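Engineer: My questions will all concern the structure given below.
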Amino acid sequence: MNSKQNDNYDVIIIGGGITGAGTARDCALRGLKVLLVEKFDFTNGATGRNHGLLHSGARYAVTDPESATECIKENMVLRRIAKHCIEETDGLFITLPEDDINYQKTFVEACTRAGISANIISPEEALRLDPSVNPNLLGAVRVPDASIDPFHLTTANVLDARQHGADVLTYHEVVAILTSNGRVEGVRLRNNHTGEEIEKHAALVINAAGIWGHDIAKMADIKINMFPAKGTLLVFGHRVNKMVINRCRKPANADILVPDDAVCVIGTTSDRVSYDTVDNLKITSEEVDTLIREGEKLAPSLATTRILRAYAGVRPLVAADNDPTGRSISRGIVCLDHEKRDGLAGMITITGGKMMTYRLMAEQATDLACKKLGIDKACETATTPLPGTAGKDPDNPHHTYSTAHKAAKGRQGNRVKEIDERTEDDRALICECEEVSVGEAKYAIEELHVHDLLNLRRRTRVGMGTCQGELCACRAAGVMCENGVKVDKAMTDLTKFINERWKGMRPVAWGSTLDEAQLTTIIYQGLCGLGI
Amino acid sequence: MAEGIQLKNISGNNLEQCLKCSICTAYCPVSAVEPKYPGPKHSGPDQERYRLKDSKFFDEALKMCLNCKRCEVACPSGVRIADIIQASRITYSTHRPIPRDIMLANTDFVGTMANMVAPIVNATLGLKPVKAVLHGVMGIDKHRTFPAYSSQKFETWYKRMAAKKQDSYSKHVSYFHGCYVNYNFPQLGKDLVKIMNAVGYGVHLLEKEKCCGVALIANGLSGQARRQGKVNIRSIRKAAEQNRIVLTTSSTCTFTMRDEYEHLLDIKTDDVRENITLATRFLYRLIEKGDIKLAFRKDFKMRTAYHSACHMEKMGWIIYSTELLKMIPGLELIMLDSQCCGIAGTYGFKKENYQRSQEIGSRLFKQIKELNPDCVSTDCETCKWQIEMSTGYEVKNPISILADALDVEETIKLNQ
Amino acid sequence: MRYDTIIIGGGLSGLTAGITLAKAGQKVCIVSAGQSSLHFHSGSFDLLGYDADGEVVTHPLQAIADLKAEHPYSKIGISNIEHLASQAKTLLSEAGISVMGNYEQNHYRVTPLGTLKPAWLTTEGYAMIDGPERLPWKKVELLNIQGFMDFPTQFIAENLRMMGVECQIKTFTTDKLSTARQSPTEMRATNIAKVLANKDALSKVSERINAISGDPDALLLPAVLGFSNAESLDEMKQWIKKPVQYIATLPPSVSGVRTTILLKRLFAQAGGTLLVGDSATTGQFSGNHLVSITTDHLPDEKLYADHFILASGSFMSHGIRSNYAGVYEPVFKLDVDAAKKRDDWSVTNAFETQPYMEFGVHTDKDFHATKDGKNIENLYAIGSVLSGHNSIKHADGTGVSLLTALYVAKKITGKG
């Protein structure tokens, strides 16, 4: 995949989240020689730990009109360029008896000002559109919210960057920023699999490392005032709701329920945490409690629906430079030119923002990079479809396709044609909950930077369903072995994978989720003797 | 609301309770013989999650489900797997059934037609050229022996021979005889009347009886099934107004009316559900309460192997039939391993299914032959066809065995 | 309905108790809610595999003596263990389950990943090893059916190689197996077992194996034979020229299904009544005496008995349940031994000792369950529903099920 590796680049981008991937794509599309580096796996940080919500912007219309306008613009852009990652569900903002119905008017006016279509509908109509909505609602507003898959969105950006000449290194962690005469010249990378260190040089380094951008800046002796804000979310076992459901009031905790793939997700809580916890976030029972209590107000059936897991991410919020106390935190996009700001040439930090405004963030960072490199080429990412959305739909409308094919198409888009489905062995399912075939796993292993089961999960949804990897983890590990992964590593990966799944289940381990955990333990540790 | 958070985990048909243990797949009679069938777990709870996302995930292959409910009986977590499958079929399927399936599904219409010309039908259904036509044109397997049609319907017999004296009893029940008793095997109905009369009950037909609709549901004709079901429930309700319990001798009709009408066909049954019961259950309960007594012939001797019909097992009522049989002093009862015989209503009649239908039942047939009983007993009429055709052993409903063994005069005396 | 003993749970412990009591002349009824955890069986039974420090146990009897007082074995008493252990082996062989091994010294079984775990009894034909340094082979061939994913050959081969065995992986298929492979979901051990229950299909497999195998010390095959009896295992042994040994696959377990079917058959032969797919819903108490129970399918019946045994399993079998608020026993609301605070139920590392594994019904020294702190004099708990043991850390699950069942059965018949 990275055969023509070089150590001289126009730009090195640090961070395999959606911002880094998007920036790599934009730079590559504008003809820059790009290296994208990520210390672990793509989407390992906040990108993979949010709602998967394509905001319409309505949520911010009243409190932050600027963000709202940004959102609706990007919302429309992503619907075009990343169609295969998006499900056009629309969203409802519901008013409950404890909410002030007068807020609805303020809300709709603000939406209209921001260019967001917002239609007041009757409670009956809302219930007809989505029967899961709390039947006590007083009113509802329909907006163009949607759900978006950040894993596949990131993959698509990485693929396009690669197709336009970018090199990509996962499991390569920046351990030093190379500088000379007040100018950044490159990075030293440690291969996190082998421990080996290498140096890569570039005219520019873009720090898109999210919350870890704080560390990157430190390596270059720069201070960025980051304020990690933890957000916890819960995944329920199946789709309870058809549309995104929000509360029509000022943004608060746990007031968005998003239908994602075959599940739905409630979130988030929001707590400032200290920086030293960001690599090891703990989910508290109080957070779980809040999420359930607030969640069931949106959709009462959540109270009796099985919870698959809990997860938490960290928003990379940045304090304004003129406010060292951190009180005036911006939720908008922050693009720092360190030459101007700190007198360190050759380095840019792009942070803040939201998952769904990644493209705009990438555009701003790339514009700045191009300016510095003296390149005059317009941004094309708003109009050029991503791989998966680009090209022709390979499916023949008169042909019946398997459920696994349809599910894979939901993940890989038009790239589904690259999945080998010719033989029965390739059509066999590894993961029955999420309809992942051997062929899809092989495609991911070959094309999508998969080194272990966790990577495979993020590219295909293996083990993300009801059972959280009860049988499929072992089958997937077997397929990894058949496709070039060393057996002893595959076995260690299996142990890690099971531990990672348990980590998310543990905060919600009661009822069927605890039963499932016991069954998984009986199978892997009892029957198979794993870890004994 | 907040007080009771997450104290219960409930979802439609217990979808969420599936632990993905895959035990159901081991007991599915279809998945072992039909590789195109995705299996109960996958057709049911797995794909249901995706169907909730988008109806395009509906897979026509799940129609291969026999609705035998063995998966539900096997499930340790109470997931109503077959219900999920059948409900999704009704919700999502857009395909119309083919004429052959419509014919097989209309057991009463076909039965009425056949009855009028029973000797001809029996002869022609047995003729090779006719079978070839059925096989080729209609898709009914040529190996299949059609159940013989009786020349006199049960209803006709009842009206001519039994109706009059029923009012003379002090206690009364109604009888849902079903298509099988009416058209193919009136003897079972006569046996029931004999027993009930002996213990002092008059037996009455329902005001109007239609086929319960199980075959219609299985063949994708849920609209017609709903119409027929409503007629039946109306009649059963009328019987209830006269304080008459409705007895049945078919486990499948019973199961369909009690457990499938409401959630698959949206027919309100909760007020009369408990008025529908299998005759063996009714008798057993009366005996246990001491309300009636049975006397048996001293010279009765029989060794019978009991086959647990799928829907009987699902209802959990096997115990009533077997406990009743155990009361017969001269009877030796052997329990066969519980497994599907392969017929599954009209499934085994279709030529594309014949081979599989026989494979499904093969282990059962082998066990019967090894045991070599005097007869096999079961509460289901389609199991009877399949087992008789495949093993050559006679298959009897427990009611018929009871009627054979009954000392009628002594029983009448005991119950006066 | 009245029985001498009613058992709730039809898994290994429930069936063992049921068979023992029925054979002692009791009228026994088992209420079984779905299939049991035998479906995750390894083909081996364990007595005690690891001690409190996690060290491998060679001589189980000695290690049992050191167990803590709450452990079910300590309640049985070391003096009874030997006798009960040999009784268990006899019962299994009576059911037609031939096992090798003894309680004096553990041997090892080969796991589906190719690692070794200590075991007490191993199903005949399965790989059985004296110790990690004493493997019986120098050179083996690991044969798998093409496309069968629940047998991770690469892992098995690698782990055997690490123990010094030369191991070659080969795959094979036959027409019948290729047909089964067409299903993307149902190519599981149990379905393969059903396909290969056919003699022809099995002989084709042995022909293929004979054709591809070289000259190893043993051929290692996935345990995919013998759904309802061990016939096909015996036939395979005769037809294949090389010595064949089986290794367990991922679930559902064929040996587990077979064990279940054979135990159920023995129970039926002994005259026991089995209510399948039914669950006990509640009990009627009189003081500290359980009078009767009610089940889901028989809501208007009371099932009376002199003695009751709760053998309903742990969380995954739903004998013990949990919700947001706590851990409870769902049928009778018996006292449970469990941590109050949810954070204390489990620990972060999945592979460390999980406290919830030891949660279960609290019993006195004779396995009487307690309710609101009072002993229920005729209600016993056996098997995985019991608190005080961790089948993962000690490898004692099947042993506890068998031995507590036999011990309580003895108490009930007054012979203990």
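Chains as they are written, first to last, in our numbering: chain A, 1 to 532; chain B, 1001 to 1416; chain C, 2001 to 2416. Ideal placement from N, C-alpha and C gives every residue a C-beta, glycine not left out. These numbers were taken from a predicted model, which means no experiment stands behind them.
Which residues share a DSSP beta bridge with C264(A)?
Structural biologist: Taking the first residue of the first sequence as position 1, residue 264(A) is located at position 264. F236(A), P259(A).
Engineer: Select from P2184(C), G2388(C), S2312(C), K2194(C) the residue whose C-alpha is nearest the C-alpha of E2231(C).
Structural biologist: What you label residue 2231(C) is simply residue 231 of the third sequence in a count that begins at 1. The residue with the shortest Cα to Cα distance from E2231(C) is K2194(C).
Engineer: With a threshold of 8 angstroms on Cβ separation, who are the neighbours of P1040(B) within its own chain once the five nearest residues in sequence on each side are excluded?
Structural biologist: Taking the first residue of the second sequence as position 1, residue 1040(B) is located at position 40. Correct list, in chain order: C1024, T1025, C1028, S1031, C1065, C1071, I1081, A1082, I1085.
Engineer: Going by C-alpha distance, which of T2185(C), W2239(C), T2190(C) is nearest E2207(C)?
Structural biologist: Position 207 of the third sequence holds residue 2207(C). With distances taken between Cα atoms, E2207(C) lies closest to W2239(C).
Engineer: Could you compute how far the alpha carbon of S270(A) sits from the alpha carbon of A229(A)?
Structural biologist: The residue labelled residue 270(A) in the question sits at position 270 within the first sequence. The residue labelled residue 229(A) in the question sits at position 229 within the first sequence. Answer to the nearest angstrom: the Cα atoms are 6 angstroms apart.
Engineer: Below 8 angstroms, can you find three or more Cβ-Cβ pairs linking the segment 221-238 of chain A to the segment 266-282 of chain A?
Structural biologist: yes
Engineer: Taking 8 angstroms as the CB-CB limit, is L2225(C) close to chain B?
Structural biologist: Numbered from its first residue, the third sequence carries residue 2225(C) at position 225. So, not an interface residue.
Engineer: So, at 8 angstroms on beta carbons, what are the nonlocal neighbours of S2346(C) in its own chain, with the 5 sequence-adjacent residues on each side left out?
Structural biologist: Residue mapping note: residue 2346(C) aligns to position 346 of the third sequence, counting from 1. Cβ within range, chain order: Q2354, P2355, Y2356.
Engineer: Taking Cβ positions, are A161(A) and R315(A) nearer each other than 8 angstroms?
Structural biologist: One-based indexing of the first sequence puts residue 161(A) at position 161. One-based indexing of the first sequence puts residue 315(A) at position 315. No, the Cβ-Cβ distance between A161(A) and R315(A) is not below 8 angstroms.
Engineer: Name the DSSP beta bridge partners of C335(A), please?
Structural biologist: Your numbering for residue 335(A) matches position 335 in the first sequence. Bridge partners of C335(A): I350(A).
Engineer: Return the first residue and the last residue of the alpha helix (DSSP H) that P2132(C) is part of.
Structural biologist: Walking along the third sequence from the start, residue 2132(C) turns up at place 132. No alpha helix (DSSP H) contains P2132(C), which DSSP labels as neither H nor E.
Engineer: DSSP puts A312(A) in a beta bridge; with which residues?
Structural biologist: As a first step, residue 312(A) must be located in the first sequence, where it is residue number 312. T232(A), per the DSSP bridge assignment.
Engineer: From this set, A476(A), T383(A), I81(A), which residue's C-alpha is nearest H451(A)'s C-alpha?
Structural biologist: Translated into positions along the first sequence, residue 451(A) becomes position 451. Nearest C-alpha to H451(A): A476(A).
Engineer: What's the gap between the Cα of M1(A) and the Cα of K242(A)?
Structural biologist: By one-based count along the first sequence, residue 1(A) stands at place 1. By one-based count along the first sequence, residue 242(A) stands at place 242. With a pLDDT of 41 at M1(A), under the threshold of 50, the modelled position of this residue cannot be trusted, and the question is left open.
Engineer: Contact criterion: CB-CB distance below 8 angstroms. Does C1071(B) meet it with respect to chain A?
Structural biologist: Start at 1 with the first residue of the second sequence, and residue 1071(B) comes out as number 71. No, its Cβ sits nowhere closer than 8 angstroms to a Cβ of chain A.
Engineer: So, for A2280(C): in the same chain, excluding its five sequence neighbours on each side, which residues have a beta-carbon less than 6 angstroms away from its beta-carbon?
Structural biologist: As a working mapping, residue 2280(C) is identified with position 280 in the third sequence. Around A2280(C): I2008, V2031, I2293, T2295, V2331.
Engineer: Determine the direct distance from the alpha carbon of T2020(C) to that of C1310(B), and round the result to whole angstroms.
Structural biologist: By one-based count along the second sequence, residue 1310(B) stands at place 310. By one-based count along the third sequence, residue 2020(C) stands at place 20. Cα to Cα, C1310(B) sits roughly 28 angstroms from T2020(C).
Engineer: According to DSSP, is F93(A) helix, strand or coil?
Structural biologist: Numbered from its first residue, the first sequence carries residue 93(A) at position 93. Residue state, collapsed to three classes: strand.
Engineer: In whole angstroms, give me the CA-to-CA distance for E38(A) and I222(A).
Structural biologist: Within the first sequence, residue 38(A) is the residue found at index 38, counting from 1. Within the first sequence, residue 222(A) is the residue found at index 222, counting from 1. Going by the C-alpha atoms only, they are around 20 angstroms apart.
Engineer: So what does R247(A) bridge to, in DSSP terms?
Structural biologist: The count along the first sequence starts at 1 and reaches residue 247(A) at position 247. Per DSSP, the beta-bridge partners of R247(A) are I94(A).
Engineer: Please report the straight-line C-alpha distance between G2399(C) and K1171(B), rounded to a whole angstrom.
Structural biologist: Translated into positions along the third sequence, residue 2399(C) becomes position 399. Translated into positions along the second sequence, residue 1171(B) becomes position 171. In a straight line, the C-alpha of G2399(C) is about 56 angstroms away from that of K1171(B).
Engineer: Under 8 angstroms, Cβ to Cβ, is there at least one residue of chain A near Y2003(C)?
Structural biologist: Stepping through the third sequence from its first residue, residue 2003(C) is reached at position 3. Not closer than 8 angstroms to any Cβ of chain A, the Cβ of Y2003(C) fails to qualify, so no.
Engineer: On the three-state DSSP scale, how would you describe E88(A)?
Structural biologist: For the purposes of this step, residue 88(A) is taken as residue 88 along the first sequence, with counting starting at 1. Three-state result, E88(A): coil.
Engineer: What does the alpha-carbon distance come out to for the pair P2152(C) and L514(A)?
Structural biologist: Position 152 of the third sequence, counting from 1, holds the residue named residue 2152(C). Position 514 of the first sequence, counting from 1, holds the residue named residue 514(A). The alpha-carbon atoms of P2152(C) and L514(A) are separated by roughly 26 angstroms.
Engineer: Would you mind sorting A2325(C) into buried or exposed? The rule is 16 or more other CB atoms within 10 Å of its CB.
Structural biologist: Within the third sequence, numbered from 1, the residue matching residue 2325(C) stands at position 325. Answer is exposed; the Cβ neighbour count stays below 16.
Engineer: Could you work out which residue in Y311(A), L456(A), T521(A) is closest to F42(A) when comparing CA atoms only?
Structural biologist: Indexing the first sequence from 1 puts residue 42(A) at position 42. Residue L456(A) is the option with its Cα nearest to F42(A).
Engineer: Out of P2299(C), A2305(C), L2221(C), state which residue places its alpha-carbon closest to the alpha-carbon of D2278(C).
Structural biologist: Position 278 of the third sequence holds residue 2278(C). Looking at the Cα atoms, P2299(C) is the closest of the given residues.
Engineer: Rounded to whole angstroms, what is the Cα-Cα separation between N1009(B) and G511(A)?
Structural biologist: Along the second sequence, one-based indexing puts residue 1009(B) at 9. Along the first sequence, one-based indexing puts residue 511(A) at 511. In a straight line, the C-alpha of N1009(B) is about 7 angstroms away from that of G511(A).
Engineer: I want to see whether chain A comes within less than 8 angstroms of N2323(C), judged by CB atoms only; does it?
Structural biologist: Start at 1 with the first residue of the third sequence, and residue 2323(C) comes out as number 323. Judged by the 8 angstroms Cβ criterion, N2323(C) is in contact with chain A.
Engineer: Measuring only the C-alpha atoms, how far is Y2050(C) from D149(A)?
Structural biologist: For the purposes of this step, residue 2050(C) is taken as residue 50 along the third sequence, with counting starting at 1. For the purposes of this step, residue 149(A) is taken as residue 149 along the first sequence, with counting starting at 1. Approximately 45 angstroms, taken between the alpha carbons.
Engineer: Give the secondary structure of F1057(B) by DSSP, where H, G and I count as helix, E and B as strand, and everything else as coil.
Structural biologist: Numbered from 1 along the second sequence, position 57 holds the residue referred to as residue 1057(B). In this structure, F1057(B) counts as helix in the three-state DSSP scheme.
Engineer: I'd like to know if the segment 1360-1374 of chain B and the segment 1299-1314 of chain B are in contact, where contact means that at least 3 CB-CB pairs between them fall below 8 angstroms.
Structural biologist: yes
Engineer: Output, in chain order, the set of chain C residues within a Cβ distance shorter than 7 angstroms of T1254(B).
Structural biologist: In the second sequence, the residue the question calls residue 1254(B) occupies position 254. Within chain C, no residue comes near T1254(B); the closest Cβ sits about 13 angstroms away, beyond 7 angstroms.
Engineer: So does the segment 2111-2125 of chain C actually touch the segment 2083-2101 of chain C, counting three or more Cβ pairs closer than 8 angstroms?
Structural biologist: yes
Engineer: Which residues share a DSSP beta bridge with D534(A)?
Structural biologist: Any answer about residue 534(A) is impossible in this case: the structure gives chain A only from 1 up to 532.
Engineer: Just verifying my parser: in three-state terms, what is the DSSP assignment at Y1169(B)?
Structural biologist: Here residue 1169(B) corresponds to residue number 169 of the second sequence, with the count starting at 1. Three-state DSSP puts Y1169(B) in coil, outside helix and strand.
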